[in-house]
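Chemist:
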């Protein structure tokens, strides 16, 4: 069965500093990988996704992620963090369901705090 | 604008009561999902539906029930059999086989 590990529960960075959030996945086939962001009390918003092709994917809000098959990783990066980036970030892996369709399995999330 | 609407935003349930959470989408998506979110546990799949009048159990379906009578609607009932229902519930939809999910803004259920 597929699984996702986000090893960092909390991360604190200064505004303007670079950011990297770690994600490791386990899946037997070619993975479909996602990063979502969640503000307190809200739903999840898709930041970016990887299906195939170029291993460096660009997303919204200046985020990017790099798929590394050899390391089973899909780390999220941003060159310069803004105070509004403070939120919880979830990595997810997609898998096919019996009978068709798909299911996302989520990591436990990383809470990002931005110091001004 | 298209999207997913969940209601109510906050819901309080007494012990032994059934409650129903609403989820409506106007994205014309075929598939809909219910996830439960608890602090430190990520999101766990409760039920999903890929077409009208059909739905499947997810990883934690015990104590929950759903229906899919219309493409736009996928209500979730939290029954009295669910021993620990206090959580944040998220509804999502996707256009099969597209993997992109659109999420609603969630319902926070509290047992009082």
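Protein chains in written order, with this note's numbering: chain A, 25 to 140; chain B, 2 to 113. Every residue gets a Cβ at the ideal spot worked out from N, C-alpha and C, and that includes glycine.
Who are residue 52(B)'s beta bridge partners in DSSP?
Modeler: Answer is 55(B).
Chemist: Out of curiosity, what's the CA-to-CA distance linking residue 47(A) and residue 21(B)?
Modeler: 35 Å
Chemist: Please report the distance separating the alpha-carbon of residue 92(A) from that of residue 19(B).
Modeler: 46 Å
Chemist: Give the residues of chain C in contact with residue 91(B), contact being defined as C-beta atoms less than 8 Å apart.
Modeler: Reference to chain C is not applicable here, since the protein chains of this structure are A and B.
Chemist: To the nearest angstrom, how far is the alpha carbon of residue 5(B) from that of residue 65(B)?
Modeler: 21 Å
Chemist: Quick one: what does DSSP say residue 95(A) is sitting in, helix, strand or coil?
Modeler: helix
Chemist: Heavy atom of the ligand NAP less than 7 Å from the Cβ of residue 6(B), yes or no?
Modeler: This structure simply doesn't include the ligand NAP, nor any ligand for that matter.
Chemist: Rounded to whole angstroms, how far is the Cβ of residue 37(B) from the Cβ of residue 102(B), which I believe are closer than 8 Å?
Modeler: Actually they are not in contact, since the Cβ atoms of residue 37(B) and residue 102(B) sit about 15 Å apart, beyond 8 Å.
Chemist: By the criterion of Cβ-Cβ separation under 9 Å, what are the contact partners of residue 56(A) in chain B?
Modeler: 100
Chemist: Could you spell out the range, first to last residue, of the beta strand (DSSP E) harbouring residue 47(A)?
Modeler: That residue, residue 47(A), is in no beta strand (DSSP E); it is neither H nor E in DSSP.
Chemist: How many Å lie between residue 34(A) and residue 41(B) at the Cα?
Modeler: 11 Å
Chemist: Per DSSP, which residues does residue 32(B) bridge with? Please list them.
Modeler: According to DSSP, which records beta bridges pairwise, residue 32(B) is partnered with 95(B).
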